[in-house]
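Residue numbers (the working numbering): 68 to 461.
Glycine included, each C-beta is placed from N, C-alpha and C at the ideal position.
Scroll down for the structure; my scribbles are underneath it.
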């Protein structure tokens with residue numbers, strides 16, 4: 068993060084395109100557009116960009132007081148799901164002679180183009196602008212040199228005929244704003260690449276493209292399915308009541324698993340005052356969904372093992388290949404998030420399966436407690452991540 072001396076230097080450099088100054092404290096769109104533009108790093112500085120609230124365009128301090136609410140709102144830009152993929156940013160307050168300023172330091176994204184509400188913003192000299200098609204293409208091509216996650220790797224054996232275009236068109240209508248959709252002068256490859264689902268250099272779909280829109284993703288990624296087993300009692304030794312290998316594109320997997328949850332999640336009555344008894348399921352629906360969605364999003368798709376979704380009489384076990392990733396540890400599991408598959412995380416948010424980034428386990432824990440279930444149990448090693456939900460009567 069900045070030191071006070073380096074902040075003073077940035078304020079004084081009126082020609083830098085890595086700095087945006089404003090005295091507005093409520094223009095959330097303006098803040099998010101600036102974050103998006105710095106994350107895209109169109110000039111290719113490969114250095115952070117800085118949004119400074121409390122400074123005028125001429126670099127002078129506006130004499131403002133920076134509230135904790137403003138700092139929380141700025142920090143929320145990384146998790147509210149409007150800037151996708153989620154930006155890496157740090158927010159800090161500085162007290163300077165003449166007043167306080169809030170500084171948002173934004174790191175260049177390794178997965179451009181980054182969008183805010185479906186539009187790509189970039190820095191063009193000292194101003195912010197919406198990227199045109201050629202500028203988006205440059206960002207998409209640059210991504211190939213920055214690849215660091217498995218879901219944006221090109222799949223050399225695949226081609227455009229392996230994708231279901233109906234699925235892509237539906238997703239694209241969720242992901243892009245109407246103006247971008249209307250300016251439809253891109254080739255099919257460029258449309259896919261703009262959403263990180265096609266590699267323009269290799270001319271093949273990415274892992275994410277196949278998982279989201281593939282006709283048969285499992286042909287290329289053998290572990291890309293869910294093994295669902297429903298047991299009559301509490302052990303693996305008995306014959307399952309129901310079993311299914313759930314495979315296909317990502318959305319189909321989520322919806323088919325949701326159907327299994329609806330069938331087997333028994334609902335009783337929660338006692339209330341007077342005649343106000345209400346429904347009470349064995350497991351809170353959204354906790355179960357959050358944890359399953361978490362497994363689908365964060366599993367290691369390079370593994371040939373499936374997600375294991377085992378439903379016992381007294382508990383549910385959801386086990387996914389791949390241990391903890393990035394900066395997440397056992398101690399910070401509910402407070403910190405790193406994305407093994409950031410494009411898939413973006414897709415879940417775009418399609419409405421996730422409300423905010425980084426809150427899934429926290430929300431599931433709260434829902435389990437409110438429903439009267441025991442706490443979640445985690446079993447984690449270098450190869451697998453397993454979460455167990457106990458029923459209310461366990």
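Check: Nearest to residue 345 by CA position, among 351, 336 and 353, is which residue?
Finding: 336
- prompt: Counting pairs of Cβ atoms below 8 Å between the stretch 205 to 223 and the stretch 173 to 185, do you hit three or more?
  reply: yes
Can you look up residue 453 in the DSSP assignment and give me helix, strand or coil?
strand
* **Three-state secondary structure assigned by DSSP to residue 203** => helix
Worksheet item: Taking the Cβ atom as the reference point for each residue, do residue 349 and residue 458 lie within a distance shorter than 8 Å?
Response: yes
Identity of the residues DSSP links to residue 196 by a beta bridge: 189
Item to complete: With DSSP as the reference, please indicate the residues paired to residue 105 in a beta bridge.
Response: According to DSSP, residue 105 bridges with nothing at all.
| task | With DSSP collapsed to three states, give me the class of residue 89. | result | strand
- Based on the DSSP secondary-structure assignment, which residues constitute the bridge partners of residue 116? 173
Open item on the list: Considering only the alpha carbon of each residue, which of 156, 126, 125 and 128 lies closest to residue 139?
Closed with: 156
request  = Could you tell me whether the stretch 277 to 289 touches the stretch 242 to 255, where touching means 3 or more Cβ pairs closer than 8 Å?
outcome  = no
Rounded straight-line distance, which links the Cα of residue 384 to that of residue 258: 38 Å
Worksheet entry | Helix, strand or coil at residue 390 [DSSP, three-state] | coil
**Q.** Where residue 236 sits in the DSSP three-state scheme
**A.** helix
Original post:
Skipping 5 residues on each side, what residues in its chain have a beta carbon closer than 8 Å to that of residue 239?
Top reply: 248, 258 and 262
Taking C-alpha atoms, which residue in 372, 390 and 357 lies nearest to residue 425?
357
Does the Cβ-Cβ distance between residue 168 and residue 121 come in under 8 Å? yes
- Item | Runs of alpha helix (DSSP H) wholly within the stretch 405 to 430 (minimum 4 residues, chain order) | 409 to 417
Verify whether the separation of the beta carbon atoms of residue 188 and residue 111 is less than 8 Å.
no
> Can you tell me where the alpha helix (DSSP H) with residue 292 in it begins and where it stops?
Replying inline: Premise fails: residue 292 lies in the beta strand (DSSP E), 292 to 297, not in any alpha helix (DSSP H).
key: Neighbour-count burial assignment, residue 361, 16 or more Cβ in a 10 Å radius   = buried
* **Spatial distance of residue 410 from residue 444 (CA atoms)** => 28 Å
Requested in this report: Verify whether the separation of the beta carbon atoms of residue 152 and residue 197 is less than 8 Å.
Outcome: no
With a Cβ-Cβ cutoff of 8 Å, do residue 452 and residue 389 count as a contact? yes
Practice prompt. State the Cα-Cα distance for the pair residue 312 and residue 293, rounded to the nearest angstrom.
Written response: 6 Å
Assuming residue 271 and residue 317 form a contact by the criterion Cβ under 8 Å, report the distance between their Cβ atoms to the nearest whole angstrom.
Not confirmed; about 19 Å, so no contact.
For this session: Name the residue from 89, 234 and 77 whose alpha carbon lies nearest to the alpha carbon of residue 319.
Result: 234
How would you call residue 386, buried or exposed, if buried means at least 16 neighbouring beta carbons within 10 angstroms? buried
Distance, Cα to Cα, residue 47 vs residue 163? Outside the displayed range of the chain (68 to 461) lies residue 47, so it cannot be described from this structure.
Note to self: Going by DSSP, what residue range makes up the alpha helix (DSSP H) through residue 78?
What the structure shows: 71 to 79
Taking the alpha-carbon of residue 462 as reference, which of 231, 131, 89 and 375 has the nearest alpha-carbon?
The requested residue 462 is not part of the displayed model; the chain covers only 68 to 461.
CA nearest to the CA of residue 433, picked from 354, 267, 252 and 93: 354
Checklist entry - Distance, Cα to Cα, residue 147 vs residue 306? => result 44 Å
| said: Cutting at 7 Å between CB atoms, please list the residues of its own chain near residue 373, excluding the five before and the five after it. | reply: 290, 292, 293 and 294
Would residue 136 and residue 195 be called neighbours here (beta carbons separated by less than 8 Å)? no
- Item | Outcome for residue 284 when other beta-carbon atoms lying within 10 angstroms are tallied against a minimum of 16 | buried
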